[in-house]
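In case it helps, the numbering used here puts the sequence shown at residues 1 to 567.
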Amino acid sequence: MTFQAKYTVTPRYLSKPSKRRSGKLIVGGVKFIVAHDTGNPGSTAANNVAYYERSRDEQSASAHIFVDDREILECIPALTAPPEKAWHVLYGLETDNHIYGYDANDAAIGVEYCFGGRIDADEAYRKYVWVIACLCESYQLDPATAVVGHFFLDPKRKTDPVTGLAQSRRTYDQLLKDIVTEYRACAGGVAETTVATVDSAPALQFIEQPGQVVSTAKLNLRKDLPRRTADIVQTLPAGTTLQYLGWVTNGEPVNGNAKWYRDRNGHYFWSGGVTAPAGLATAPAAPSPQPVAAAATSPSTGPDESAIKTALKVTGHFEDSADPFGGVSGDFDGMGISLGVLQWNIGSGSLQPLVQATGREAVLAAMPQHGEEFWTACQPPIRQGLAIVRGWQNGHVLKPSAKSELKDFAHSQAFVDQQVRSARRVADRAWKAAADWNAHSGRGAPDLHQFCWFFDLMTQNGGLKGLSPADVDNFIKQAGTDRADDLVCDWLAGQKAAPHGGADAVKNAELWRNPPPGIGLELLIASYLRAQQSKPEWRVDTLNRKGTIALRSGWTHGEKQDLSGLI
């Protein structure tokens, strides 16, 4: 996809290392964009970057890009070089992890809107919208779900970019819509979004279970339909207690979360803006599984290296069961090439830090013919790297010599070690999510099986996206313990015509009936409920994969997978 370059992004990097710019790369790829405003009317992009440079050793606060009516300045690499971390959202907040599965500082680009004074509001806004759309294109993000305002993540302290936009006669909702429109226009076509029209939307999947929640940010109550295009009945402040009759799992996905609650008047509010349901009845706890030797022994310690390697093998098994760490694929997804167990890639900037950390000598040793070019491809800018690796391909298929050398490098010990180190942060998040899940039922530390399921969920699907143990308990309670697996398998049996994984689904419907009680059934139900939050065309494929891990066996990608030897 060629994105229209309406404006120039000018690098004006801050000095490093400093409190403003550590120089640490975003490992694992950019996952979302945070929209900010400077909060300082009349201050230009140049003013802000100059202030950051002068105060570089005074405060650990920063952003990647500043935009005004005259220029777009990048003070921490985001578009003009492999992306680095910036400190633009407070650590310790829950909303960014709840929605995206990551801390914003570790996985998001921060874009600051300059406003007020002599700044031309219309021109600054045009540049602001364009650069956010450009970031979405550069990192293959859905512009309809990947942009979130700072105020939404930190509602008790922040109002940006709402305040800045208001002085420019715009609203936050308008900003989100304009970004999608700009993305479509500059990409030369229609962006794939997750917003369905009312006429084309499937029947709502309502789960009746009364309860109450508390809003964590300003929350819109929508009339009659679980989507942002529905009329706003009321805007509720943070801290409001809301009663609900139940929820739907297939409302409009907002930042990847399609779960909406329905009140007694038939109005809806999005689950991402509230706390988890409280006070719900739960099913009896399953027997507490004993942690295995490869996993750590308490929720607080986290997984050890052996457990992380096993989780990587499980996740990589679906791409290359014979050699998970050595997975290599070409430009089928626009990412240039993808390498390793988690398919780190050139296009998102996630592969370059791993290769650089492995070192040029290791690259050349494993790749005598293409190593020098590969090393250059893993240096900035990203577009140069894409051009190099695409030159090794016929269409999207890697030439045999390049693929063979990339595979040798991918499963070299030096690069395997980097893959394991790179996975530590997401592994810790997966371990915490599994431990929190267990705490709901009074269980202790996760076992290796649970950890691997949560790890795959974090790396492949972005996390739970609002799914809770109470949701699983309620599903099993309503269906009955003997019928819960049948509901899942009946759904799979009817998916033969699904665009991805339909034939596998029919086989899994036979294979997965009547599983033994315990954690496997619980994870199967969680797999089903989480799959319903995926894009419609990927729901079956998601369930095939997650269910296979849940029950240690299943059909995916046309092959029967057996994970019993791993977990």
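Ideal Cβ positions, reconstructed from N, Cα and C, are used throughout, including at glycine. Computed from a prediction, not measured in an experiment: that's the story for all the values here.
Rank the options by C-alpha distance to the C-alpha of residue i and give the top, closest one.
i    : options                : result
G502 : W538, Q212, L141       : W538
T376 : P368, S468, R360       : R360
D447 : P303, D142, V89, R222  : P303
Q343 : F318, L364, M367       : F318
G565 : L551, Q167, Y100, A63  : L551
G326 : R383, L398, V416, T44  : V416
D120 : Q140, C452, D68, Q234  : D68
A434 : M458, C134, A479       : M458
N438 : I33, E522, A357, C489  : E522
T235 : G273, G266, T38        : G273
D408 : T481, P324, G444       : P324
Q419 : T315, V111, F151, R264 : T315
G347 : S306, R530, V389       : V389
A86  : I72, H98, D103, R70    : D103
G340 : H449, S412, V162       : S412
Q460 : V426, K156, L467       : V426
E84  : A414, A362, I72, S62   : S62
N40  : G116, K259, N508, A362 : G116
Can you give me the C-alpha to C-alpha distance between residue i and residue j, rounded to a whole angstrom?
i    : j    : result
K313 : G29  : 20 Å
P381 : P11  : 12 Å
N48  : G330 : 41 Å
G334 : L351 : 14 Å
T2   : Y128 : 19 Å
R222 : Q212 : 17 Å
K309 : V506 : 31 Å
L93  : Y268 : 25 Å
R184 : R421 : 37 Å
L153 : D96  : 6 Å
W491 : A430 : 28 Å
R572 : K16  : The requested residue 572 does not occur in the structure, where the chain is confined to residues 1 to 567.
E356 : Q379 : Looking at the sequence itself, residue 356 is Gln, so the reference to Glu does not match. Near 8 Å, if we compare the C-alpha coordinates of Q379 and Q356.
L175 : P143 : 11 Å
L245 : I207 : 9 Å
Y591 : W247 : Residue coverage of the chain in this structure runs from 1 to 567, which leaves residue 591 outside it and unanswerable.
C75  : I132 : 15 Å
F32  : I26  : 12 Å
N345 : G336 : 7 Å
S271 : R228 : 13 Å
E373 : G385 : 9 Å
G395 : Q561 : 30 Å
R383 : A124 : 26 Å
G164 : Y113 : 7 Å
A498 : S18  : 51 Å
V52  : S168 : Correcting the residue identity first, residue 52 is Tyr in this sequence and not Val. Taking the straight line from one Cα to the other gives about 24 Å.
R21  : R56  : 8 Å
V397 : F332 : 8 Å
Taking only beta-carbon positions, decide if residue i is within less than 9 Å of chain C.
i    : result
S553 : Looking for chain C here will not work: only one protein chain is present.
Using three-state DSSP, classify residue i as helix, strand or coil.
i    : result
V389 : helix
S18  : coil
F318 : coil
S138 : helix
P568 : Only positions 1 to 567 of the chain appear in this structure, which leaves residue 568 out of reach.
G520 : helix
N40  : coil
R12  : coil
G272 : helix
Q413 : helix
V341 : coil
G246 : strand
E58  : coil
I33  : strand
W375 : helix
Q561 : strand
T240 : coil
R222 : strand
S534 : coil
L398 : strand
N265 : coil
I232 : strand
S441 : coil
G23  : coil
S300 : Because the pLDDT of S300 is 46, which lies under 50, any placement of that residue in the model is unreliable, and the question is left without a value.
G164 : helix
Nearer than 8 Å: is that true of the beta carbon of residue i relative to any heavy atom of the ligand FAD?
i    : result
F269 : This structure does not include the ligand FAD; it has no bound ligands of any sort.
Inside the region 470–503 only - alpha helix (DSSP H) runs reaching at least 4 residues: Complete alpha helix (DSSP H) runs here, min 4: 484–493.
Pick out the complete alpha helix (DSSP H) segments inside the region 66–124, 4 residues or longer, and give them in chain order. The region 66–124 contains these whole alpha helix (DSSP H) runs: 95–100, 104–107.
Is it the case that the region 364–375 contacts the region 397–405, given that we only count it when at least three CB pairs across the two stretches are under 8 Å? Enough Cβ pairs lie closer than 8 Å, so yes.
Are the region 36–52 and the region 131–141 touching by the rule of at least three beta carbon pairs closer than 8 Å? Because the criterion of three Cβ pairs below 8 Å is not met, the region 36–52 and the region 131–141 do not touch.
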